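Notes follow the structure.
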Amino acid sequence: MHVLGEAVLVGALGVAAGMAANTLSDGGLDLTRDYFPRVAPATVDGLPQVLGDPTAGNAEGGNAEDVDPSATETDAPDAIDPNVAARIRGQGLGVMTHAEALAIHSDPAYAFGAFVFVDARRVEDFETAHIPGAVHFDHYHSQRHIAEVLPVVTNPGTLRVVVYCIGGDCEDSEFAAMHLMQLGVPPDRLFVYVGGMESWEAAGLPTESVAAEPADG
Amino acid sequence: MRSPLLSLLARLILGGTFVWMGWSKVSAPVEFLKLVRQYEMVPADLPWLLNSIAVLLPWIEIVCGLLLVFGLLRRGAALVGLVMLLVFTAAVARRGLALAEASDLAFCLVEFDCGCGSGVVNVCRKLGENALLMLLTLLLLLAKPAGASKPG
Numbered sequence: 004m005h006v007l008g009e010a011v012l013v014g015a016l017g018v019a020a021g022m023a024a025n026t027l028s029d030g031g032l033d034l035t036r037d038y039f040p041r042v043a044p045a046t047v048d049g050l051p052q053v054l055g056d057p058t059a060g061n062a063e064g065g066n067a068e069d070v071d072p073s074a075t076e077t078d079a080p081d082a083i084d085p086n087v088a089a090r091i092r093g094q095g096l097g098v099m100t101h102a103e104a105l106a107i108h109s110d111p112a113y114a115f116g117a118f119v120f121v122d123a124r125r126v127e128d129f130e131t132a133h134i135p136g137a138v139h140f141d142h143y144h145s146q147r148h149i150a151e152v153l154p155v156v157t158n159p160g161t162l163r164v165v166v167y168c169i170g171g172d173c174e175d176s177e178f179a180a181m182h183l184m185q186l187g188v189p190p191d192r193l194f195v196y197v198g199g200m201e202s203w204e205a206a207g208l209p210t211e212s213v214a215a216e217p218a219d220g
Numbered sequence: 484m485r486s487p488l489l490s491l492l493a494r495l496i497l498g499g500t501f502v503w504m505g506w507s508k509v510s511a512p513v514e515f516l517k518l519v520r521q522y523e524m525v526p527a528d529l530p531w532l533l534n535s536i537a538v539l540l541p542w543i544e545i546v547c548g549l550l551l552v553f554g555l556l557r558r559g560a561a562l563v564g565l566v567m568l569l570v571f572t573a574a575v576a577r578r579g580l581a582l583a584e585a586s587d588l589a590f591c592l593v594e595f596d597c598g599c600g601s602g603v604v605n606v607c608r609k610l611g612e613n614a615l616l617m618l619l620t621l622l623l624l625l626a627k628p629a630g631a632s633k634p635g
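In order, the protein sequence lines correspond to chains A and B.
One point on numbering: in this note's numbering, the residue at position 93 of the first sequence is 96, and numbering is uninterrupted.
One point on numbering: in this note's numbering, the residue at position 149 of the second sequence is 632, and numbering is uninterrupted.
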């Protein structure tokens, strides 16, 4: 057989194997889905929302106690890159600093579901350690989590949904938040905790692991 | 390539490398998808293309590698391997240049996870490895087809 014919056959075999494996695999990708949703970029001036006092907001006016975003993000020890903050806001999401995330977690209303942390990391990361009370939403395999997560984050009593991932350059929290928005979660309650798990653990804050959670019943 | 032993060695090295690189990607498809996206070679409005590359490329590598190891369709597999290596090398060099510029580092000091299946690598070392693998594919391509050396 001519070498080009052989090459075409090799490529076809590879494509067939890939399609079959992706179809049969539990962790296969949806070929048509956009896993990295973005909306048109917006400037800082066009802020969809600015996080105010995290303990005093509400679902409709969660940004009522306006805080100057530059002051919030650059004066704090856990300063957020202004470009990252602008990018997140450009998606219609709120930006949450470490101090604000901690305040929400410490708020008595957290125990009653007023605030929800959503962990957008891989399942093994979530099982090892996550923010106490967080729910898991790996948006790359969202079908596994929707039944559990959606009722929580769309509950009318939930004022703010705080999505986080590893921290640093991790963008999964943004994509997970965008996916939740597409699933019907009101944008004004969606926030990205930019520092993520790295900031949480670096501050020596408590974590929870799946193994440590009491079994049902 | 005149020596059957050298040909066998080239096939085993190439084939084994392709199978290993492909399998490491197949075992973590989401991570590979993210790495492919970082190359910014696929327009954001064509998610199906990005997803297809992430799903199919590792399996083309695995099939290519297995065929080389077992000596089946070996020239075709070598050609496919060469084309893949050319694309990978160009992509790695392009990203290495971008990272060098962004971090103000010398090109050969740049290290990143190229999505090649071996984790974080030094860009120059990776390009050197790819050059050697391309040389092996060329040797296999230029080798006489099986049986051609015994006319009549």
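Idealized CB from N, CA, C, for every residue including glycine.
Quick caveat: nothing in here was measured; it's all calculated off a predicted structure.
What does the Cβ neighbour count give for residue i, buried or exposed, with the cut at 16 atoms within 10 Å?
{"i": "T46/A", "result": "Because T46/A carries a pLDDT of 43, less than 50, the predicted location of this residue cannot be relied on, and no value is offered for it."}
{"i": "M200/A", "result": "buried"}
{"i": "L625/B", "result": "exposed"}
{"i": "N534/B", "result": "buried"}
{"i": "A74/A", "result": "In this predicted model, A74/A has a pLDDT of only 41, less than 50, meaning its place in the structure is not dependable enough to derive any value."}
{"i": "R558/B", "result": "buried"}
{"i": "P154/A", "result": "exposed"}
{"i": "P487/B", "result": "exposed"}
{"i": "D71/A", "result": "Note on D71/A: pLDDT 42, under 50, position unreliable in the model; the coordinate value appears next. Counting Cβ neighbours within 10 Å, D71/A comes out exposed, since fewer than 16 surround it."}
{"i": "T35/A", "result": "exposed"}
{"i": "Q94/A", "result": "buried"}
Quick one: give me the first and last residue of the beta strand (DSSP E) that residue i is part of.
{"i": "L556/B", "result": "Taken as a continuous stretch (DSSP letters only), L556/B belongs to no beta strand (DSSP E), as it is neither H nor E."}
{"i": "M99/A", "result": "97-99"}
{"i": "R147/A", "result": "First-last for R147/A: undefined, no H or E at that position."}
{"i": "N605/B", "result": "603-605"}
{"i": "F515/B", "result": "Here F515/B belongs to no beta strand (DSSP E); instead the alpha helix (DSSP H) covers 512-521."}
{"i": "L16/A", "result": "Looking at the DSSP string, L16/A is not in any beta strand (DSSP E); the run it does join, the alpha helix (DSSP H), is 6-27."}
{"i": "E594/B", "result": "594-596"}
List the whole-angstrom C-beta distance separating residue i from residue j, where the pair is believed to meet the contact cut-off of C-beta under 8 Å.
{"i": "F129/A", "j": "V165/A", "result": "In fact, because the Cβ distance is near 15 Å, the residues do not count as touching under 8 Å."}
{"i": "V121/A", "j": "V156/A", "result": "7 Å"}
{"i": "R520/B", "j": "F39/A", "result": "6 Å"}
{"i": "N613/B", "j": "F571/B", "result": "6 Å"}
{"i": "L467/B", "j": "A560/B", "result": "This structure does not reach residue 467/B, given that chain B is present from 484 up to 635, and the question cannot be answered."}
{"i": "V11/A", "j": "L556/B", "result": "Contact doesn't hold; Cβ gap of about 10 Å is too wide."}
{"i": "E544/B", "j": "G602/B", "result": "The pair is not a contact, with the Cβ atoms about 17 Å apart (cut-off 8 Å)."}
Just tell me which of the options has its CA closest to the CA of residue i.
{"i": "Y196/A", "options": "R147/A, D84/A, V188/A, S28/A", "result": "D84/A"}
{"i": "R147/A", "options": "S212/A, G31/A, R41/A", "result": "G31/A"}
{"i": "M567/B", "options": "K609/B, A585/B, C547/B", "result": "C547/B"}
{"i": "C599/B", "options": "P512/B, S507/B, V552/B, M617/B", "result": "S507/B"}
{"i": "D172/A", "options": "T131/A, I91/A, V13/A", "result": "I91/A"}
{"i": "P111/A", "options": "A89/A, L96/A, G93/A, G136/A", "result": "G136/A"}
{"i": "S611/B", "options": "E584/B, A573/B, A589/B", "result": "With the sequence shown as reference, residue 611/B is identified as Gly, and Ser is not the correct amino acid for it. The residue with the shortest Cα to Cα distance from G611/B is A573/B."}
{"i": "V213/A", "options": "L12/A, G95/A, A132/A", "result": "A132/A"}
{"i": "F553/B", "options": "L497/B, V509/B, V603/B", "result": "L497/B"}
{"i": "G1/A", "options": "L495/B, R494/B, V509/B", "result": "Limits of chain A in this structure are 4 at one end and 220 at the other, which puts residue 1/A out of reach."}
{"i": "A15/A", "options": "C607/B, S490/B, L540/B", "result": "L540/B"}
Can you give me the start and stop residues for the alpha helix (DSSP H) that residue i sits inside?
{"i": "D128/A", "result": "126-131"}
{"i": "R163/A", "result": "No alpha helix (DSSP H) holds R163/A; the beta strand (DSSP E) holding it covers 163-167."}
{"i": "L488/B", "result": "487-509"}
{"i": "L183/A", "result": "175-185"}
Segment contact flag, the stretch 201-213 of chain A with the stretch 525-537 of chain B, C-beta cutoff 8 Å, min 3 pairs: no
Just checking, does the stretch 20-28 of chain A make contact with the stretch 576-585 of chain B on the three C-beta pairs under 8 Å criterion? no
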